[in-house]
Amino acid sequence: NAGVTQTPKFQVLKTGQSMTLQCAQDMNHEYMSWYRQDPGMGLRLIHYSVGAGITDQGEVPNGYNVSRSTTEDFPLRLLSAAPSQTSVYFCASSYQQGQLFSPLHFGNGTRLTVT
Amino acid sequence: AQKITQTQPGMFVQEKEAVTLDCTYDTSDPSYGLFWYKQPSSGEMIFLIYQGSYDQQNATEGRYSLNFQKARKSANLVISASQLGDSAMYFCAMKLSSGNTGKLIFGQGTTLQVKP
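Protein chains in written order, with our numbering: chain A, 1 to 115; chain B, 1001 to 1116.
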């Protein structure tokens, strides 16, 4: 059982470049989300999706786009990379966002550096 | 404002001893859940334990227990009989029932080092 799979693990971009971070889960989870982790700030929610075809903004959505065409996949697109987007990105999923006890299952993260 | 505060940036503990990692939270919602995650140096996030706001008993999972004091708005993680493999960063997080976003609000984390 693979769980949540993120690719790539590492990426270096130049300012202005675009890229897509891939995320796939095989647990048939309705809910998927993207977080970024920065030193001293914990994890912050970028975008989330409560099901195929439904996405919404989180706490720090600027500069990122998402789509959810299938239950399994939830890619994160950086439109024009900026040094402020240097971070570790985590994709996470859970069975249902409405249940309090529905822990997030995280991917292994993507370490992105923008120069 | 909804917030999680972890006031200990770094902690040391001797192997086989118990350690408490502090977490306080702020919310006016009556219904919420509290989570602890472990992040080893390899980077993945591992779910450890959950406590619901209406749970009468403190949660336990093996060597992990959650000291939940609702009036003080604290949810401290207790690790008993520390092992070298417990060296990691630990995050406290809160999920609210309102808003239905599934969002976890994370604290800044506490780095735990277990000494042999």
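Where a beta carbon is used, it is the ideal one built from N, C-alpha and C, also for glycine. A quick note: this is a predicted structure, and the numbers were derived from the prediction, not measured.
Check whether residue i and residue j have beta carbons under 7 Å apart
i                  : j                  : result
Arg68 of chain A   : Ser49 of chain A   : yes
Gly1043 of chain B : Gly109 of chain A  : yes
Phe1047 of chain B : Pro103 of chain A  : yes
Ala92 of chain A   : Phe106 of chain A  : yes
Glu30 of chain A   : Gln96 of chain A   : yes
His47 of chain A   : Val66 of chain A   : yes
Thr1027 of chain B : Gln1002 of chain B : yes
Proximity test, Cβ basis, 7 Å: residue i and chain B
i                 : result
Leu43 of chain A  : yes
Pro8 of chain A   : no
Phe74 of chain A  : no
Pro103 of chain A : yes
Leu13 of chain A  : no
Asn65 of chain A  : no
Gly109 of chain A : yes
Tyr89 of chain A  : no
Tyr31 of chain A  : yes
Leu79 of chain A  : no
Gly40 of chain A  : yes
Chain-order list of residues whose beta-carbon lies under 8 Å from that of residue i (same chain, five-residue window excluded)
i                 : result
Pro83 of chain A  : Thr15, Val114, Thr115
Gln963 of chain B : Shown here, chain B extends from 1001 to 1116; a query on residue 963 of chain B therefore has no answer.
Thr20 of chain A  : Pro75, Leu76, Arg77, Leu78
Any chain A beta carbon closer than 7 Å to residue i
i                  : result
Gln1002 of chain B : no
Met1094 of chain B : no
Met1045 of chain B : yes
Gly1062 of chain B : no
Ser1097 of chain B : yes
Gly1085 of chain B : no
Gln996 of chain B  : Residue 996 of chain B lies beyond the stretch modelled for chain B, which goes from 1001 to 1116, so this question has no answer here.
Gly1102 of chain B : yes
Gly1010 of chain B : no
Other residues of its chain near residue i: CB distance less than 7 Å, five sequence neighbours each side excluded
i                  : result
Gln1108 of chain B : Gln1006
Ser80 of chain A   : Gly16, Ser18
Phe52 of chain A   : Per the sequence shown, the amino acid found at residue 52 of chain A is Ala instead of Phe. Excluding sequence neighbours, Ala52 of chain A sits near Arg68, Ser69, Thr70, Thr71.
Cβ shell of residue i (< 6 Å), same chain only, five flanking positions each side left out
i                  : result
Leu1096 of chain B : Asp1029, Tyr1032
Arg111 of chain A  : Phe10, Val88
Gln22 of chain A   : Thr7, Pro75
Ser1098 of chain B : Asp1029
Val1013 of chain B : Val1019, Ser1082, Val1114
Asp26 of chain A   : Ala2
Ala24 of chain A   : Thr5, Glu72, Asp73
Burial state of residue i (16 or more Cβ within 10 Å)
i                  : result
Tyr1050 of chain B : buried
Leu78 of chain A   : buried
Lys1115 of chain B : exposed
Leu1112 of chain B : buried
Ala1018 of chain B : exposed
Lys1103 of chain B : buried
Ile54 of chain A   : exposed
Leu45 of chain A   : buried
Gln85 of chain A   : buried
Leu13 of chain A   : buried
Leu1084 of chain B : exposed
Review point. If you pair each beta-carbon of the segment 1020–1029 of chain B with each one of the segment 19–38 of chain A, do three or more pairs fall below 8 Å?
Key: no
Review point. Do the segment 1026–1038 of chain B and the segment 1081–1090 of chain B touch if we need at least three Cβ pairs shorter than 8 Å?
Key: yes
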